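Here's the structure, in structure tokens; my notes come after.
Residue numbers (the UniProt record's numbering): 1 to 135.
In structure tokens form, the structure reads like this:
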């Protein structure tokens, strides 16, 4: 949330520069890239975006699998629970249980999901990384 607020302040600063900021204008434009870099490091922007992309892919894929069968759709696919499992085989088994009610073949989806999980970190781990950078 602090990054969002920082972005709002940065946006306000840019609009003020547009009104004619003088020497503050050149200093303000130099500060903007540094501010963005801190946010990127602090919140591991690339990791967050990768996780969001995987979550979106899961949502779209599950909707396709359960098309015309929405009542049987699982409540959620908890990525963190899957990441806590030690092996891909355990993840595959858990996902097969979760999607047992699906009338369509889920083997390809499960295989792709297990592959996509390889580069992800648990959400709590990502938060801890951000806190360590901050200190």
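We treat Cβ as the ideally placed atom computed from N, Cα and C, and that holds for glycine. Predicted, not measured: the structure shown is a model, and the values here were computed from it.
{"Item": "Residue 116 - DSSP class collapsed to helix/strand/coil", "Value": "helix"}
{"Item": "First and last residue of the uninterrupted alpha helix (DSSP H) at residue 63", "Value": "45-65"}
{"Item": "Cβ pair residue 110, residue 87 closer than 8 Å", "Value": "no"}
{"Item": "Touch test, the stretch 47-59 against the stretch 89-105, Cβ-Cβ under 8 Å, three pairs minimum", "Value": "no"}
{"Item": "8 Å Cβ cutoff met for residue 142 and residue 65", "Value": "Any question about residue 142 goes unanswered here, given that the chain covers just 1 to 135."}
{"Item": "Sub-8 Å separation of residue 120 and residue 95 beta-carbons", "Value": "no"}
{"Item": "Straight-line gap, residue 115 to residue 75 (C-alpha atoms, nearest Å)", "Value": "22 Å"}
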